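Protein chains in written order, with my numbering: chain F, 1 to 257; chain V, 258 to 391.
Using N, Cα and C, we set each Cβ at its ideal position, and we do this for glycine too.
All figures in this text were calculated on a predicted structure; none of them were measured in a lab.
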Amino acid sequence: GFYTDNGLEQSVMVSRIPHRVKKEFQQEILTLMGLHHKPKPRAPGKETSAPRFMIDLYNKLHGSGASGSIEDDDEDEHPHFFSRTLENEMPKLNSSDVIMSFVNHVHKIHFLRHERDRTFFFDFGEVSPQETVTGAELRLYKAKDRRGRHTTYHIEVFTIQQGVDEQDKILVPETNHLVSSDFEGWILMNVTNAADSWTIMPASNMGLYLKITDMSTGQELRPNHIGIVGHRGDPDKQAFLVCFFKMSQQLHVRRTR
Amino acid sequence: SARRQMDTRTAVSHRDDSHWTWRRTRRYVRPVCRRKTMYVDFEDLGWQSWIIAPEGYSAFYCDGDCIFPLGLNMNATNHAIVQLLLHTVKSQTMPKPCCSPTKLSAISVLYFDDNSNVILKKYRSMKVKACGCH
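Quick look at the structure:
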């Protein structure tokens, strides 16, 4: 995995590194990346919505996505971590050090399983408490309303919190949004407060609850009734969460080991 | 100065600064301090299962001697002149100026974590942009 000059303006693979040393170097690079071990994602599909969003973002930040364009990551020229070119698209980019997309793991939470398309659980277990949330968006994909009615829907997102009894769960309003029935595309719900509290207190993370009301009738509807793609829908249109973090200065300092 | 003149006489060919200088004495002389290529290939490391992009990156490294005249060397600091002067006077005890990075840049890495979440993180000071004598 390491190539150096051979003195004749050619790159040759460094093959004489003993296996044990090579392993140690790999561990050094992992530690440099702030990882304790090589991540082992379970069957990660790059075609699902969260990775696709991140790959698109990466490609936009690095031109066409060619590996050579990484050269442009000049710290002096770009004092902020991410390029200004996407500032209009995502204002939080400029103040972020890390961007993370979270997959909905609602199936792992026993009390949320039965409401899969209107409940969400994003695992913040890997997030360091020293990271500060600068913004978080729940992204829901809405297809056109197949019922053909012209109305407006009120989409509300609640955080699920522990009640007095262990069995009790309470819903605390987080954000809400009005959307027209003929709208088609991604709906962005600001869930910064929830992400912030999950980062500081991971144990408080009990998920999010989605409530949809037809503004003309007052009737509560299921997400799929208004075209919001659920877990049985297209993988590239599944709901996910994008979170923007700013790292504390301490995390940039390499610790002596 | 006398030493430099002697060196000029003995030098047969300098293909360029990037190569080892071949002298009549048939001794290899280390080139002056400069940036050289060091490519880290994530795919070769077997990390493609979790690193989405890039496939690897040019980390570069600094190699070569910091010798008089320092003008030949890239980005020599003022202190490097003092250090080299001291080395000339007391070569046994005083080290030469060090050929090391003077400018570093970041790389951004896109990768999966254990929960299949995707992280885009920019790592500062990961690649050498320029080398110099310190």
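In whole angstroms, what separates the C-alpha of V/T278 from that of F/M54?
The residue you call residue 278 of chain V lines up with position 21 of the second sequence. The residue you call residue 54 of chain F lines up with position 54 of the first sequence. Residue placement at V/T278 is flagged as unreliable, the pLDDT there being 48, under the threshold of 50; the coordinate-derived value follows with that caveat. So the alpha carbons of these two residues sit roughly 48 Å apart.
Measuring only the C-alpha atoms, how far is F/M206 from F/Q161?
Working through the first sequence from its first residue, we reach residue 206 of chain F at position 206. Working through the first sequence from its first residue, we reach residue 161 of chain F at position 161. Each residue's alpha carbon lies about 6 Å from the other.
Suppose you measure from the CA of F/F111 to the CA of F/S96; what does that come to, to the nearest Å?
Position 111 of the first sequence, counting from 1, holds the residue named residue 111 of chain F. Position 96 of the first sequence, counting from 1, holds the residue named residue 96 of chain F. Near 34 Å, if we compare the C-alpha coordinates of F/S96 and F/F111.
Out of F/V98, F/D117, F/F121, point me to the one whose CA is closest to F/N104's CA.
Here residue 104 of chain F refers to the residue found at position 104 when the first sequence is read from its first residue. Nearest option by C-alpha distance: F/F121.
On the DSSP letters alone, give me the boundaries of the alpha helix (DSSP H) that F/P51 sits inside.
Residue mapping note: residue 51 of chain F aligns to position 51 of the first sequence, counting from 1. Where F/P51 is concerned, the enclosing alpha helix (DSSP H) stretches over 49 to 61.
Tell me whether the stretch 370 to 383 of chain V and the stretch 23 to 41 of chain F touch, counting them as touching only if at least three CB pairs, one residue from each stretch, are closer than 8 Å.
Yes, they touch.
What in chain V is Cβ-close to F/V98, meaning under 9 Å?
For this step, residue 98 of chain F is matched to residue 98 along the first sequence. Chain V residues near F/V98: I376, L377, K378, K379.
Quick check on F/W186: does DSSP put it in helix, strand or coil?
Translated into the one-based positions of the first sequence, residue 186 of chain F becomes position 186. DSSP places F/W186 in strand when its eight states are reduced to three.
Would you say F/D5 reaches chain V, if we count a Cβ-Cβ gap shorter than 8 Å as a contact?
In the first sequence, the residue the question calls residue 5 of chain F occupies position 5. Judged by the 8 Å Cβ criterion, F/D5 is in contact with chain V.
What's the call for F/H174, buried or exposed, on a 16-neighbour Cβ count within 10 Å?
What you label residue 174 of chain F is simply residue 174 of the first sequence in a count that begins at 1. Note that residue 174 of chain F is Glu in the sequence shown here, rather than His. Buried: at least 16 other Cβ atoms inside 10 Å.
Does the beta-carbon distance from V/K353 to V/C323 come in below 8 Å?
As a first step, residue 353 of chain V is located in the second sequence; it is residue number 96 there, counting from the start. As a first step, residue 323 of chain V is located in the second sequence; it is residue number 66 there, counting from the start. Result yes, Cβ atoms of V/K353 and V/C323 sit closer than 8 Å.
With distances taken Cα to Cα, identify the nearest neighbour of F/Y209 among F/L57, F/D117, F/E24, F/K142.
Along the first sequence, one-based indexing puts residue 209 of chain F at 209. Residue F/D117 is the option with its Cα nearest to F/Y209.
Assuming F/H19 is part of the alpha helix (DSSP H), what are its boundary residues?
Counting from one through the first sequence, the residue named residue 19 of chain F turns up at place 19. 19 to 32 is the extent of the alpha helix (DSSP H) around F/H19.
What are the boundary residues of the beta strand (DSSP E) that F/S101 is part of?
Here residue 101 of chain F is taken as the residue at index 101 of the first sequence, counted from 1. Run containing F/S101: 98 to 103, per the beta strand (DSSP E) assignment.
Could you run through the stretch 339 to 368 of chain V and flag, in chain order, every residue whose CB is less than 9 Å away from some CB of chain F?
Going along the stretch 339 to 368 of chain V in chain order, one finds K360, L361, S362, A363, I364, S365, V366, L367, Y368 with a Cβ nearer than 9 Å to chain F.
Relative to the alpha-carbon of V/R291, which residue among V/D298, V/G321, V/H391 has its alpha-carbon at the smallest distance?
Within the second sequence, numbered from 1, the residue matching residue 291 of chain V stands at position 34. Among V/D298, V/G321, V/H391, the Cα nearest to that of V/R291 is on V/G321.
Taking 8 Å as the threshold (C-beta atoms), are F/F244 and F/G163 in contact?
By 1-based counting over the first sequence, the position of residue 163 of chain F is 163. By 1-based counting over the first sequence, the position of residue 244 of chain F is 244. Result no, Cβ atoms of F/G163 and F/F244 do not sit closer than 8 Å.
Relative to the C-alpha of V/S373, which candidate in V/Y296, V/D298, V/S306, V/V297 has its C-alpha closest?
In the second sequence, the residue the question calls residue 373 of chain V occupies position 116. Of V/Y296, V/D298, V/S306, V/V297, the residue nearest in Cα terms is V/S306.
Can you check which of these residues, V/G313, V/V339, V/G303, V/D371, is closest to V/F325 by C-alpha distance?
Taking the first residue of the second sequence as 1, we reach residue 325 of chain V at position 68. It is V/V339 whose Cα lies nearest to the Cα of V/F325.
Check each residue of the stretch 312 to 323 of chain V: if its Cβ is closer than 9 Å to any Cβ of chain F, include it; give the result in chain order.
Within the stretch 312 to 323 of chain V, the residues whose Cβ lies closer than 9 Å to some Cβ of chain F are E312, G313, Y314, S315, A316, Y318, D320, listed in chain order.
Which residues, in order along the stretch 34 to 58 of chain F, keep a beta-carbon less than 7 Å from a beta-carbon of chain V?
Cβ contacts with chain V: K38, P39, K40, P41, R42, P44, K46, A50, P51, M54, I55, L57, Y58.
Hey, how far is the Cα of F/D196 from the Cα of F/I155?
What you label residue 196 of chain F is simply residue 196 of the first sequence in a count that begins at 1. What you label residue 155 of chain F is simply residue 155 of the first sequence in a count that begins at 1. So the alpha carbons of these two residues sit roughly 21 Å apart.
So with CB distances below 7 Å, who are the chain V contacts of F/V261?
An answer regarding residue 261 of chain F cannot be provided, because it is not within the stretch 1 to 257 covered by chain F.
Specify, as a first and last residue, the run of the alpha helix (DSSP H) that V/H344 falls within.
In the second sequence, the residue the question calls residue 344 of chain V occupies position 87. Here the alpha helix (DSSP H) through V/H344 covers 335 to 346.
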